[in-house]
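Numbering that gives the first Met the number 0 puts the first residue of the sequence shown at 0, with every later residue one more than the last.
We put the beta carbon where it would ideally sit given N, CA and C, even for glycine.
In this text, all values refer to a predicted model and were calculated from it rather than measured experimentally.
Below is one structure, written out as structure tokens; the observations come after it.
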Amino acid sequence: MIYNELKKVFKYTFPKKPEAFLLGIVGQMVPKKDRTFFMHASSFPLPRQPLPSLAETTARYLRSLEPLVSPEELEQTQQLLAEFGVPGGEGERLQARLQRRADRMENWITDWWVQSAYLESRLPLAVHSSPAVVLPKQDFNDWKGQLSCCWTLTFINPKQQGQWSGMMGIVVRKHPKGEEVPCLCFKMEALVSPFCLSHPLSLCLFFPHVCLLLLATPFSQFIVGEDGSCGVLYEQAVAEGPPIATIIDHVLDYCKDPVPVRAPLIPLQLPKKLYFCFTPEIKRDIEHAKQNLDILITDLDISCFTYCGFGKELLKRLRLSPDSVLQVALQLAYYRAHGELCATAESASLRRFHRGRTETIRSTTSAALAFVRAMADDDCQALAGQGIDRHLLGMKLEAIADGFRVPELFMDTSYAVASHWKLSTGQVAARTDCVMCYGPLVPDGYAVCYNPLPTHVNFAVTAFNCCQETNAEHLAGSIQKALDDVGALLGNWGVGSDQRQP
Numbered sequence: 000m001i002y003n004e005l006k007k008v009f010k011y012t013f014p015k016k017p018e019a020f021l022l023g024i025v026g027q028m029v030p031k032k033d034r035t036f037f038m039h040a041s042s043f044p045l046p047r048q049p050l051p052s053l054a055e056t057t058a059r060y061l062r063s064l065e066p067l068v069s070p071e072e073l074e075q076t077q078q079l080l081a082e083f084g085v086p087g088g089e090g091e092r093l094q095a096r097l098q099r100r101a102d103r104m105e106n107w108i109t110d111w112w113v114q115s116a117y118l119e120s121r122l123p124l125a126v127h128s129s130p131a132v133v134l135p136k137q138d139f140n141d142w143k144g145q146l147s148c149c150w151t152l153t154f155i156n157p158k159q160q161g162q163w164s165g166m167m168g169i170v171v172r173k174h175p176k177g178e179e180v181p182c183l184c185f186k187m188e189a190l191v192s193p194f195c196l197s198h199p200l201s202l203c204l205f206f207p208h209v210c211l212l213l214l215a216t217p218f219s220q221f222i223v224g225e226d227g228s229c230g231v232l233y234e235q236a237v238a239e240g241p242p243i244a245t246i247i248d249h250v251l252d253y254c255k256d257p258v259p260v261r262a263p264l265i266p267l268q269l270p271k272k273l274y275f276c277f278t279p280e281i282k283r284d285i286e287h288a289k290q291n292l293d294i295l296i297t298d299l300d301i302s303c304f305t306y307c308g309f310g311k312e313l314l315k316r317l318r319l320s321p322d323s324v325l326q327v328a329l330q331l332a333y334y335r336a337h338g339e340l341c342a343t344a345e346s347a348s349l350r351r352f353h354r355g356r357t358e359t360i361r362s363t364t365s366a367a368l369a370f371v372r373a374m375a376d377d378d379c380q381a382l383a384g385q386g387i388d389r390h391l392l393g394m395k396l397e398a399i400a401d402g403f404r405v406p407e408l409f410m411d412t413s414y415a416v417a418s419h420w421k422l423s424t425g426q427v428a429a430r431t432d433c434v435m436c437y438g439p440l441v442p443d444g445y446a447v448c449y450n451p452l453p454t455h456v457n458f459a460v461t462a463f464n465c466c467q468e469t470n471a472e473h474l475a476g477s478i479q480k481a482l483d484d485v486g487a488l489l490g491n492w493g494v495g496s497d498q499r500q501p
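Spelled out as structure tokens, the structure:
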């Protein structure tokens, strides 16, 4: 729905293929050798996301409840599923309507998913929705680091005033106590204006200096800490973590080897100043929102660490799925920390399908010893578009959209328990030594995001301080111990108990 509306808006301005126009703008910023992922979607048509069968979804849903609910609750759910799936019943009617929706739409669930998962939520984007990425700290203490950035500094001779007109960099003057240079200051102030920076010619001529000037502006969107740490924050309604990780990899590679590309000149309209009238009520609401945000941030308990015992390279040599092994460790860690299993969600990407977003891998199984094998099977089903959660959501929303009574299956206690994700997990793999972080899905839960690298794994664990049952640091230590034990179980290749780095 949102995607189609955006296409309509852009068609009024750029009638021919608005998607190609947008990709073209982005592509001009990237050297030709690095443009492999800036391709128009029609170049390689993707299949439509399949609609799972009703029988398979109900059977897998029932199996996923076995380690989570009591035998009595499981029996009640089994009866509800039997009634729901009876020939000619509610299940078949909703399945038929979903099939018609799948036949006429590009993707039968994505619009509903974006609406229900992101747009309808009234919770703050910070912590509850927008993920943050911690990038590796750049070290400029040694001579190599200093030489790598010294090209951004420009030395000028005050006697050669004719050169000043072309100097747009950061200036280190020969005489620190000398007089000011008004013309140079004016040119630098003009350069930082949004209109000047947005002009393609400006980007080409002043590319080496733009980033430095941007950091001096009050509206900078760069996240840089006082200790030199840096990061990224983005709104998740438009994209999941993996595409963002790919962009981050590209950006950091590009920073090491920048190759400015001359973009074609595009006529731009003169900017118009917008005037906003802030009433006392609006100012009060803004201050109130700032206070609430500070409270929310203070309530978030974060523990980030690097596990150095092994990485994905060793697991692949053992012909094991790194993600499955890490999910084993997370289940073991949670059980040790809380003495029980819980509903665990891992986000699986469905980008192999046209307009595909995500599906949920239900990591909790009743067979702990066969967990890796079960995880690999669930992973394949979810990635193939045969997961159960989006299918169940689709049937529920189809009933609501058509004015039908919501089936008893979705009012069942087991459905609430199985959808209360106390452990929200996600693998966001990147070549960069970074890690993504986001808040828990429920007040009494955790969020664990990890980036498996060749020789180590980066983790970010979050919980809410207001919940006395959860503790991010405690679970992080439990994950460390679980990884040691899993490593010993797989062959004890020298994994010690002192393999964690903050």
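Item to complete: Using alpha carbons as the reference points, say which of Tyr117, Glu472 and Gly84 lies closest to Asp300.
Response: Measuring from the Cα of Asp300, the nearest candidate turns out to be Glu472.
Item to check | Met410 classed as buried or exposed, judged by whether at least 16 other C-beta atoms fall within 10 angstroms | outcome: exposed
So Ser413 and Thr76 are in contact, right, with Cβ under 8 Å, and what is the actual spacing, rounded?
So it is a contact: roughly 4 Å between Cβ atoms.
**OP:** Use the C-beta contact count for Ile321: other C-beta atoms within 10 angstroms, 16 or more gives buried, fewer gives exposed.
**Re:** Just to set this straight, residue 321 is Pro in the shown sequence, not Ile. Under this definition Pro321 is a buried residue.
* Asked: By Cβ distance, which residues of its chain are closer than 8 Å to Pro44, with the 5 residues on each side in sequence left out?
  -> Residues of the same chain with a CB within less than 8 Å of the CB of Pro44, apart from the 5 flanking positions on each side, are His353 in chain order.
task = State yes or no: is the C-beta of Leu422 within less than 8 Å of the C-beta of Cys307?
result = no
- [ ] Can you give me the start and stop residues for the beta strand (DSSP E) that Gln426 sits inside?
- [x] Looking at the DSSP string, the run of the beta strand (DSSP E) that includes Gln426 is Leu422 to Gln426.
| Looking at the structure shown, is Asp432 part of a helix, part of a strand, or coil, going by DSSP? | Of the three classes helix, strand and coil, the one that applies to Asp432 here is coil, per DSSP.
| field | Beta-bridge partners of Tyr445, as assigned by DSSP | value | Leu422
Under the three-state reduction of DSSP, which class applies to Phe463: helix, strand or coil?
Residue state, collapsed to three classes: strand.
Check your understanding: Below 8 Å between beta carbons: does that hold for Phe463 and Phe304?
Key -> no
_Where Leu79 falls: helix, strand or coil (DSSP)_ = helix
### Whole-Å CB distance - Asp401 paired with Arg96, under 8 Å assumed
7 Å
So the candidates are Val456, Gln78, Ala415 and Ala332; which of them puts its Cα closest to the Cα of Val434?
Nearest C-alpha to Val434: Val456.
query: Terminal residues of the continuous beta strand (DSSP E) containing Cys276?
result: Run containing Cys276: none; DSSP gives neither H nor E here.
State the start and end residues of the unbroken alpha helix (DSSP H) segment that holds Ala481. Ala471 to Leu488
Exercise for the section: Name the one or two DSSP bridge partners that Cys303 has. Expected result: Ala459
So, is Thr109 buried or exposed, given that buried needs 16 or more other C-beta atoms within 10 angstroms? Looking at its Cβ environment, which holds 16 or more other Cβ atoms inside 10 Å, Thr109 is buried.
Exercise. Among Ile399, Glu358 and Leu325, which has the Cα closest to the Cα of Gly386?
Worked result: Glu358
Could you check whether Ala236 and Ala481 sit closer than 8 Å to each other, using their CB atoms as the reference points?
no
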